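Each residue of the sequence shown is one higher than the one before, counting from 216 in this note's numbering.
All residues carry an ideal CB built from backbone N, CA and C; glycine is no exception.
These numbers come from a predicted model, not from an experiment.
First comes the structure, then the notes that go with it.
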Amino acid sequence: MLFNSFAFLIFLPLFLIGYFATTGRARLLWMMAGSFFFYGWWNWRYLLLMVVVILVNYWGALLIDRSSDPRRRKAWLIAACVFNLGLLGYFKYFDFFIASVQEGLQSLGIHTSDHTLGILLPIGISFYIFHATAYVVDVYRRDFRAEPDPVRVMTFVSFFPQLVAGPIVRGTELLPQLRGDRHPSWAAIQSGLALILVGFFKKVVVADSCSPVVTNIFNNPDLVSSLNLLLGMYLYAIQIYCDFSGYTDIGIGVARLLGIELPQNFNKPYFSSSFSQFWTRWHMTLSRWLRDYLYIPLGGNRGGPLKTYRNLMITMLLGGLWHGANWTFVVWGFLHGMYLILQRLLSAPFAVLTRTLRIPPRLVHLFLVLLVFHLTCFAWIFFRSQTLGDATTFISRLASLNPAEWNPRSVRQIQDVARAVLLGSLLLGVELVTIWYPLEPIFRRNPWMRPVAGAVLIIMCLVLGNFVGQQFIYFQF
Numbered sequence: 216m217l218f219n220s221f222a223f224l225i226f227l228p229l230f231l232i233g234y235f236a237t238t239g240r241a242r243l244l245w246m247m248a249g250s251f252f253f254y255g256w257w258n259w260r261y262l263l264l265m266v267v268v269i270l271v272n273y274w275g276a277l278l279i280d281r282s283s284d285p286r287r288r289k290a291w292l293i294a295a296c297v298f299n300l301g302l303l304g305y306f307k308y309f310d311f312f313i314a315s316v317q318e319g320l321q322s323l324g325i326h327t328s329d330h331t332l333g334i335l336l337p338i339g340i341s342f343y344i345f346h347a348t349a350y351v352v353d354v355y356r357r358d359f360r361a362e363p364d365p366v367r368v369m370t371f372v373s374f375f376p377q378l379v380a381g382p383i384v385r386g387t388e389l390l391p392q393l394r395g396d397r398h399p400s401w402a403a404i405q406s407g408l409a410l411i412l413v414g415f416f417k418k419v420v421v422a423d424s425c426s427p428v429v430t431n432i433f434n435n436p437d438l439v440s441s442l443n444l445l446l447g448m449y450l451y452a453i454q455i456y457c458d459f460s461g462y463t464d465i466g467i468g469v470a471r472l473l474g475i476e477l478p479q480n481f482n483k484p485y486f487s488s489s490f491s492q493f494w495t496r497w498h499m500t501l502s503r504w505l506r507d508y509l510y511i512p513l514g515g516n517r518g519g520p521l522k523t524y525r526n527l528m529i530t531m532l533l534g535g536l537w538h539g540a541n542w543t544f545v546v547w548g549f550l551h552g553m554y555l556i557l558q559r560l561l562s563a564p565f566a567v568l569t570r571t572l573r574i575p576p577r578l579v580h581l582f583l584v585l586l587v588f589h590l591t592c593f594a595w596i597f598f599r600s601q602t603l604g605d606a607t608t609f610i611s612r613l614a615s616l617n618p619a620e621w622n623p624r625s626v627r628q629i630q631d632v633a634r635a636v637l638l639g640s641l642l643l644g645v646e647l648v649t650i651w652y653p654l655e656p657i658f659r660r661n662p663w664m665r666p667v668a669g670a671v672l673i674i675m676c677l678v679l680g681n682f683v684g685q686q687f688i689y690f691q692f
């Protein structure tokens with residue numbers, strides 16, 4: 216079920232009525248049933264797969280928790296992780312692996328049949344596998360005791376506001392909130408509704424306005440002008456940010472209506488002045504997951520610079536591959552790994568240079584923000600392209616930038632281009648202003664401004680929004 220669908224607009228109020236009409240065990244069962252219905256709306260077979268994953272990890276965590284033998288604890292942990300990652304690998308990467316082997320053999324002159332299994336990827340499997348894996352690892356680390364109630368574990372993993380596209384929530388963050396009845400305050404309800412409205416605005420107004428222009432450009436990199444390619448690069452950066460952060464805003468807002476707090480997932484990432492800062496602001500819960508369950512276990516920044524660079528690159532390569540079974544995602548991860556490594560190598564000499572030249576700190580900060588933004592946009596080219604060939608065509612055409620080629624009509628109707636550019640610029644402009652003037656204190660001092668802002672957003676959604684139920688980008692991951 217999509218957040219931006221008519222079905223969800225019916226589902227949510229009915230779910231809220233049942234939620235507040237029940238207490239205790241009945242409420243927990245209602246939450247589980249509602250989450251199962253939400254996910255099973257796409258395909259009930261995928262629901263059965265998710266239930267199996269949850270039960271395996273539920274029993275795995277109990278076996279780890281109840282064992283005092285370190286070897287048995289580790290064996291149960293390995294078994295659970297192998298099951299989780301093996302399942303993810305089968306559904307997400309098996310066809311990719313077969314196709315890559317076939318391409319490699321054919322490049323050596325060995326003929327093979329172009330045959331794969333055509334495995335369908337269950338929606339949200341990457342997210343709930345990460346939820347389940349983090350749960351058993353945290354129990355193994357003794358961060359908390361294994362939850363004995365299977366219904367509570369089912370609800371924890373399948374909780375529908377964060378199920379299919381995050382944020383990636385840990386047991387310490389959500390399980391305690393599933394014990395006892397939650398009663399949202401009026402302030403929580405207000406902020407929850409505001410987040411839902413902002414999320415819908417980002418998705419149906421901004422992201423979906425950029426979508427047709429971006430699709431036309433990236434599907435025809437060899438046909439559109441170099442300036443149009445530059446436009447497509449910028450608009451995709453806006454589209455994916457508004458699409459993904461819009462989803463998590465809606466999810467966090469819905470959870471807040473239930474009295475449940477989910478972790479923040481985005482914090483103005485395009486105004487970061489370094490790549491390490493970018494990854495503390497973009498998909499924050501995934502960054503934290505990769506840090507705590509991959510980068511630090513690999514050794515983190517212990518063992519000297521070379522090992523640190525190795526660990527960074529491995530983490531970012533696997534983070535890229537997590538997004539999808541395509542070499543374009545691997546290259547995207549490689550680029551971000553290189554960005555982080557180069558940042559560590561060059562930050563100290565760059566600081567010395569700017570001090571020596573007496574460049575004003577604000578000017579240095581502006582330069583770094585623009586540099587990080589543009590290098591991030593460059594990496595998005597690989598993320599969005601269907602193949603490495605498309606990406607290289609895009610970049611080679613972009614390198615021959617020629618203002619005389621500008622022709623917005625070669626992309627789509629000029630109205631679509633203008634609307635996408637204006638709405639994207641508006642959103643980034645508002646985010647820039649709120650860095651210096653946060654909205655919440657302004658709303659507290661001027662209570663009348665909150666309903667006015669809400670009314671403006673509602674009108675913009677109704678007038679400019681795309682309500683055809685266009686799928687969120689991160690559903691494919």
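Residues near residue i by beta carbon distance below 7 Å, same chain, minus five either side
i, result
"K522", "G514"
"L336", "F306, K307"
"L536", "F544, V545, G548"
"V368", "I269, Y273, E362"
"E388", "P478"
"F658", "M664, R665"
"Y355", "I279, R288, L292"
"Y449", "C592"
C-beta contact flag for residue i and residue j at 7 Å
i, j, result
"S488", "L583", "yes"
"A349", "L277", "no"
"F486", "L555", "no"
"P365", "Y254", "no"
"W547", "F609", "no"
"I475", "R394", "no"
"A380", "Y261", "no"
"W259", "M216", "no"
"G275", "V384", "no"
"F230", "G249", "yes"
"S424", "A614", "no"
"I467", "L410", "yes"
"I344", "L390", "no"
"L509", "T530", "yes"
"L550", "A594", "yes"
"F416", "C676", "yes"
Supposed contact pair residue j and residue i - C-beta distance, whole angstroms, cut 8 Å
i, j, result
"P484", "W497", "4 Å"
"I269", "S373", "7 Å"
"L473", "Y652", "Rounded, the Cβ-Cβ distance is 31 Å, inconsistent with contact."
"L527", "G552", "6 Å"
"A241", "P376", "About 20 Å; that fails the 8 Å criterion."
"G639", "I432", "Contact flag wrong, Cβ pair sits at about 14 Å."
"L616", "L445", "7 Å"
"Y456", "V429", "With a Cβ gap of about 12 Å, Y456 and V429 do not count as contacting."
"G669", "L412", "6 Å"
"R612", "D437", "7 Å"
Rounded separation between residue i and residue j - CA only
i, j, result
"V439", "T238", "58 Å"
"Q479", "P382", "7 Å"
"W492", "V419", "The amino acid at residue 492 is misidentified as Trp; the sequence shows Gln. So the alpha carbons of these two residues sit roughly 28 Å apart."
"K289", "G339", "27 Å"
"A563", "G534", "27 Å"
"D358", "G386", "9 Å"
"R525", "V579", "29 Å"
"D280", "R286", "13 Å"
"G518", "V266", "41 Å"
"L642", "V421", "8 Å"
"V671", "L560", "47 Å"
"I673", "L501", "31 Å"
"M247", "F371", "8 Å"
"D353", "F312", "31 Å"
"M499", "F588", "17 Å"
"G447", "T591", "14 Å"
"I404", "T495", "27 Å"
"G407", "S400", "10 Å"
"W245", "P228", "13 Å"
"C296", "F226", "34 Å"
"R506", "P656", "33 Å"
"L392", "L581", "In the sequence as displayed, the identity of residue 392 is Gln instead of Leu. Those two C-alpha atoms are separated by around 41 Å."
"A566", "R577", "13 Å"
"L568", "P520", "22 Å"
Residues of its chain near residue i, where Cβ-Cβ distance is below 6 Å and the 5 sequence neighbours each way are ignored
i, result
"F481", "S460"
"G414", "G461, D464, I465"
"V271", "F298"
Proximal residues to residue i (C-beta, below 8 Å), its chain only, five neighbours per side dropped
i, result
"E646", "K483, Y485, F486"
Does the region 536 to 550 touch the region 592 to 603, meaning 3 or more C-beta pairs lie closer than 8 Å?
yes
(request) Would you be able to state if there are at least three C-beta pairs under 8 Å between the region 653 to 664 and the region 433 to 453? (result) no
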